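Residue numbers (the UniProt record's numbering), protein chains in the order written: chain A, 1 to 198; chain B, 1 to 531.
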């Protein structure tokens with residue numbers, strides 16, 4: 001689950017079929033192997049035909065592709081994000097865009113420096129994610145900047161505090177290279193959900 | 001006194017069981033700096049050379065002082081001499097005890113070695129530089145003192161390495177001050193000083209607690225031997241290597257009990273722990289362990305850690321040095337960004353939920369973009385009985401944590417407004433508590449407004465009538481030509497609030513009345529919304 005898996009083959013879906021929360025370590029087809037990439041990067045295969053604005057989001061084939069890609073990105077992302085949050089907190093800001101914003105229980109944190117300070121100040125955490133969902137964001141809103149909405153929920157225990165339910169949502173934007181796509185957080189919204197009984 | 005023949009200090013495996021037992025309680029002595037003690041009444045106090053020539057001292061310091069022989073008892077520690085030297089050693093013990101107690105419950109850091117606190121009694125008399133230079137001049141290895149400080153009459157500093165600590169012990173009694181009085185150096189294992197700090201993982205601490213619970217609570221003394229080979233304990237091999245670190249974290253042994261353990265060792269030499277058997281193969285450490293300071297540290301750590309009081313609760317995992325002071329930021333209410341956005345969003349939500357709760361969700365068609373997306377999730381938690389009451393939502397739930405089939409992943413994502421509204425129409429009828437809504441407008445771009453709503457709603461009919469649900473919903477919207485918002489992405493998460501349910505307003509009220517300013521808003525909205 002926590003292994004960094006690079007999706008080398010888009011055609012083969014069978015490996016996902018009916019499995020529970022575990023990911024095999026797929027053979028890497030790209031030369032950009034682990035050694036040259038940090039653990040704090042969310043990477044999926046390159047996006048197809050994504051440049052032209054007005055590219056057909058409406059056609060079912062492309063939509064399907066965007067959905068699949070969103071799911072791969074979301075799964076990859078969530079694994080890395082919460083592990084980094086819990087175990088390598090200082091590296092967490094690498095997952096954010098420079099101008100990213102976090103709204104954390106109503107506290108607004110903007111920009112990498114503020115984010116760095118914020119995450120350093122936050123007590124150590126133990127996250128348990130019970131829900132994950134994602135959607136490709138409609139191009140009309142993003143103006144061809146491929147974006148994925150990722151939503152998570154679960155419980156979290158911050159050191160020195162009681163356990164809370166939480167809801168978190170992210171907007172991930174894609175930065176594409178010929179070989180792969182790197183996803184970064186453009187915006188992040190985190191809330192305890194205090195009225196839920198445990 | 002001379003050593004009994006055949007009693008070899010460094011090679012314990014040759015010693016018979018009686019002597020081994022004798023050494024056991026001697027281990028309790030080990031925590032005290034007795035073997036670093038410069039003077040024994042049996043030795044001529046003023047003669048340096050005699051100390052060098054003493055078989056005891058040299059045996060302890062064999063192999064250039066690096067080899068640590070915890071189970072070797074210098075003659076003045078054997079039982080016979082102990083009683084004679086009762087007073088002196090007892091004084092030393094007390095002093096060492098007080099030193100031990102002065103060490104607060106800090107944790108050992110395995111990654112940067114073991115820490116030791118070096119104490120020079122009456123060190124207050126000496127200048128720091130002068131003292132350290134003097135010590136270094138006699139010390140067989142170079143050392144780096146950390147956090148040198150004076151405390152009452154004593155001088156203290158920390159070193160990060162067992163080898164260095166032992167070498168420093170050897171210096172004790174080998175240095176003199178200007179008044180020609182011997183300077184003693186006491187060494188005790190220390191928790192990591194606060195500037196270097198790493199906690200054992202909490203789950204491992206819990207594991208130790210679990211293992212410890214198995215121990216007979218009526219036991220006054222801790223049977224380390226059994227603990228070592230406890231199957232639960234051994235499942236975590238790194239814990240077995242340095243169990244003291246984790247044990248200390250979970251022990252919460254009080255000072256009274258510590259004393260008990262010590263005196264149990266003193267009074268009754270027949271009982272007591274046999275530390276050799278704690279180690280793999282039951283052999284003495286000197287012969288079976290590789291001669292690495294890491295393993296030596298384990299031995300050193302084990303007992304002193306046990307015997308040292310640790311009255312604190314088990315530590316929680318921490319990142320930095322001052323974790324105890326880290327607080328969570330205070331939770332605040334809704335975030336809108338601006339009054340304009342606030343009114344825009346609240347107006348939207350009021351309209352949306354008016355229709356949503358009305359019983360006819362088909363009217364929501366106008367709220368959605370032609371190619372909008374919608375998905376719904378409920379939490380995946382097989383142990384959570386509450387989730388089973390969400391069965392009406394289950395078939396639409398697209399929780400990727402449990403749903404791994406890409407085909408289903410696509411299926412359950414509703415695409416086009418027709419599909420979306422049809423799906424919404426099939427969900428149970430609801431009544432939302434607008435006063436419970438918390439809104440975060442968390443992303444705004446030229447053509448995009450993204451906001452989250454969380455709150456509670458009640459189901460007003462069907463099997464789950466009366467059930468209160470907590471929800472979180474994300475709307476991604478684009479502006480429309482008539483200055484309203486059009487939904488392009490809609491994600492809904494629902495959780496049950498449990499049997500009690502909570503039907504009360506969220507402490508920080510979110511919705512403020514705005515009806516009076518609606519007319520004025522539309523102009524403002526037009527200005528704000530790009531064409």
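We put the beta carbon where it would ideally sit given N, CA and C, even for glycine. Note that this is a predicted model, so its numbers are computed, not measured.
- Taking only beta-carbon atoms, is residue 413/B less than 9 angstroms away from chain A? On the second chain, residue 413/B is found 413 positions in, with the first residue counted as 1. Judged by the 9 angstroms Cβ criterion, residue 413/B is in contact with chain A.
- Task: Identify each residue in the stretch 459-474 of chain B for which the Cβ-Cβ distance to at least one residue of chain A is less than 8 angstroms, and report them in chain order.
- Result: Listed in chain order, the positions of the stretch 459-474 of chain B with a beta carbon within less than 8 angstroms of a beta carbon of chain A are 470, 472, 474.
- Query: Which residues in the same chain as residue 431/B place their Cβ atom closer than 7 angstroms to its Cβ, once the five residues preceding and following it in sequence are excluded?
  - Reply: In the second chain, counting from the first residue as 1, residue 431/B sits at position 431. Cβ within range, chain order: 357, 457, 458, 460.
- For the stretch 112-128 of chain A and the stretch 145-156 of chain A, state whether three or more C-beta atom pairs, one from each stretch, are separated by less than 8 angstroms. Three or more pairs of CB atoms, one per stretch, sit closer than 8 angstroms, so the stretch 112-128 of chain A contacts the stretch 145-156 of chain A.
- Item | Under 9 angstroms between C-beta atoms of residue 495/B and residue 473/B | Within the second chain, residue 495/B is the residue found at index 495, counting from 1. Within the second chain, residue 473/B is the residue found at index 473, counting from 1. It is not a contact, given that the beta carbons lie outside the stated cut-off.
- Mark residue 465/B as exposed unless 16 or more other C-beta atoms lie within 10 angstroms of its C-beta, in which case mark it buried. Stepping through the second chain from its first residue, residue 465/B is reached at position 465. Residue 465/B is exposed by the Cβ-count criterion.
- Item | Residue interval of the alpha helix (DSSP H) (run including residue 141/A) | By 1-based counting over the first chain, the position of residue 141/A is 141. Its alpha helix (DSSP H) spans residues 139-142.
- Message: Please report the straight-line C-alpha distance between residue 170/B and residue 151/B, rounded to a whole angstrom.
- Response: Start at 1 with the first residue of the second chain, and residue 170/B comes out as number 170. Start at 1 with the first residue of the second chain, and residue 151/B comes out as number 151. C-alpha separation (whole angstroms): 23 angstroms.
- Message: Just checking: is the beta-carbon of residue 192/B within a distance shorter than 9 angstroms of some beta-carbon in chain A?
- Response: On the second chain, residue 192/B is found 192 positions in, with the first residue counted as 1. No - not a single Cβ of chain A is within 9 angstroms of the one on residue 192/B.
- Query: Hey, how far is the Cα of residue 391/B from the Cα of residue 399/B?
  - Reply: In the second chain, the residue the question calls residue 391/B occupies position 391. In the second chain, the residue the question calls residue 399/B occupies position 399. Put simply, the backbone Cα of residue 391/B is about 14 angstroms away from that of residue 399/B.
- Can you list, in chain order, the residues of the stretch 164-191 of chain A whose Cβ is nearer than 8 angstroms to any Cβ on chain B? So the list reads 165, 167, 169, 171, 186, 187, 188, 189, 191, given in the order they occur along the chain.
- Per-residue contacts from residue 478/B into chain A (C-beta, under 8 angstroms): What you label residue 478/B is simply residue 478 of the second chain in a count that begins at 1. The answer, in chain order, is 138, 140, 141.
- When DSSP builds the beta bridges, which residues end up paired with residue 532/B? Residue 532/B cannot be examined here, being either before or after the span of chain B that is shown, 1 to 531.
- Item | Members of the stretch 143-155 of chain A that neighbour chain B once the beta carbon cut-off is set at 7 angstroms | Listed by position along the chain: 143, 149, 151, 153.
- Task: Starting from residue 375/B, find everything on chain A with Cβ-Cβ shorter than 7 angstroms and list it in chain order.
- Result: Taking the second chain and counting its residues from 1, one reaches residue 375/B at position 375. Against chain A, the beta carbon of residue 375/B has neighbours under 7 angstroms at 133, 135, listed in chain order.
- Task: List the residues of chain B whose Cβ lies closer than 7 angstroms to the Cβ of residue 64/A, in chain order.
- Result: Here residue 64/A refers to the residue found at position 64 of the first chain. Here the neighbours are 410.
- Message: Can you check whether the C-beta of residue 344/B is within less than 9 angstroms of a C-beta belonging to chain A?
- Response: Here residue 344/B is taken as the residue at index 344 of the second chain, counted from 1. No, residue 344/B does not count as interfacial toward chain A.
- Message: What would DSSP say about residue 98/A, mapped onto helix, strand or coil?
- Response: On the first chain, residue 98/A is found 98 positions in, with the first residue counted as 1. Residue state, collapsed to three classes: strand.
- Query: If you check the beta carbons only, do residue 100/A and residue 145/A fall under 9 angstroms apart?
  - Reply: For this step, residue 100/A is matched to residue 100 along the first chain. For this step, residue 145/A is matched to residue 145 along the first chain. No. Outside cutoff.
- In three-state terms, what does DSSP make of residue 160/B? Mapped onto the second chain, residue 160/B falls at position 160. DSSP places residue 160/B outside both helix and strand once states are collapsed to three, so it counts as coil.
- Item | Contacts around residue 164/A, its chain only, beta-carbon distance under 6 angstroms, and the 5 residues preceding and following it disregarded | Sequence index remark: in the first chain, residue 164/A carries index 164 (1-based). Excluding positions up to five away in sequence, the list reads 156, 192.
- Item | Anticipated Cβ contact below 8 angstroms, residue 441/B with residue 453/B, distance rounded | Reading the second chain from its first residue, position 441 is the one you call residue 441/B. Reading the second chain from its first residue, position 453 is the one you call residue 453/B. About 10 angstroms; that fails the 8 angstroms criterion.
- Item | Beta-carbon proximity list for residue 462/B, same chain, < 6 angstroms, skipping 5 on both sides | As a working note, residue 462/B is residue 462 in the second chain. Listed in chain order, the non-local C-beta contacts of residue 462/B below 6 angstroms within the same chain comprise 428, local neighbours out to five positions each way being set aside.
- Item | Local conformation of residue 469/B per DSSP, three classes | Position 469 of the second chain, counting from 1, holds the residue named residue 469/B. Strand, per DSSP.
- Query: How close, in whole Å, do the beta carbons of residue 168/B and residue 192/B come, if the pair is a contact with beta carbons under 8 angstroms?
  - Reply: Numbered from its first residue, the second chain carries residue 168/B at position 168. Numbered from its first residue, the second chain carries residue 192/B at position 192. Taking 8 angstroms as the upper bound for CB-CB distance, residue 168/B and residue 192/B are not in contact here, some 18 angstroms apart.
- Would you call the CB atoms of residue 135/A and residue 491/B closer than 9 angstroms? Counting from 1 along the first chain, the entry for residue 135/A is found at position 135. Counting from 1 along the second chain, the entry for residue 491/B is found at position 491. Cβ atoms of residue 135/A and residue 491/B: closer than 9 angstroms.
- Message: Could you check whether the Cβ of residue 450/B sits closer than 9 angstroms to any Cβ belonging to chain A?
- Response: As a working mapping, residue 450/B is identified with position 450 in the second chain. Flagged as an interface residue toward chain A: residue 450/B, by a C-beta distance shorter than 9 angstroms.
- Drop a sphere of 10 angstroms on the beta-carbon of residue 178/A, count the other beta-carbons inside from all chains shown, and report buried for 16 or more, exposed for fewer. Position 178 of the first chain, counting from 1, holds the residue named residue 178/A. Residue burial is scored here from C-beta neighbours: residue 178/A has fewer than 16 other C-beta atoms within 10 angstroms and is therefore classed as exposed.
- Query: Does the count of Cβ pairs from the stretch 333-340 of chain B and the stretch 349-356 of chain B closer than 8 angstroms reach three?
  - Reply: Because the criterion of three Cβ pairs below 8 angstroms is not met, the stretch 333-340 of chain B and the stretch 349-356 of chain B do not touch.
- Message: For chain B, check one thing: does any of its Cβ atoms lie closer than 9 angstroms to the Cβ of residue 42/A?
- Response: In the first chain, counting from the first residue as 1, residue 42/A sits at position 42. Chain B has no Cβ within less than 9 angstroms of the Cβ of residue 42/A.
- Task: With a floor of 4 residues, list each alpha helix (DSSP H) that falls wholly inside the UniProt domain "NTF2" (73-192) of chain A, ordered by position along the chain.
- Result: As far as the UniProt domain "NTF2" (73-192) of chain A is concerned, its whole alpha helix (DSSP H) runs of at least 4 residues are 112-121, 139-142.
- Item | Inter-residue CB distance, residue 143/A and residue 447/B (contact presumed, cutoff 8 angstroms) | As a position in the first chain, residue 143/A is number 143, starting the count at 1. As a position in the second chain, residue 447/B is number 447, starting the count at 1. Between residue 447/B and residue 143/A the Cβ distance is about 6 angstroms, and since that is below 8 angstroms, they are a contact.
- Query: Under the three-state reduction of DSSP, which class applies to residue 391/B: helix, strand or coil?
  - Reply: In the second chain, residue 391/B corresponds to position 391, counting from 1. Looking at residue 391/B - three-state DSSP - the assignment turns out to be helix.
- Query: Once you ignore the five residues that flank residue 478/B on each side, which residues in its own chain have a CB closer than 8 angstroms to its CB?
  - Reply: In the second chain, the residue the question calls residue 478/B occupies position 478. The answer, listed in chain order, is 369, 447, 448, 449, 485, 486, 488.
- For residue 137/B, the first and last residue of its enclosing alpha helix (DSSP H): The residue given as residue 137/B occupies position 137 in the second chain. For residue 137/B, the enclosing alpha helix (DSSP H) begins and ends at 128-138.
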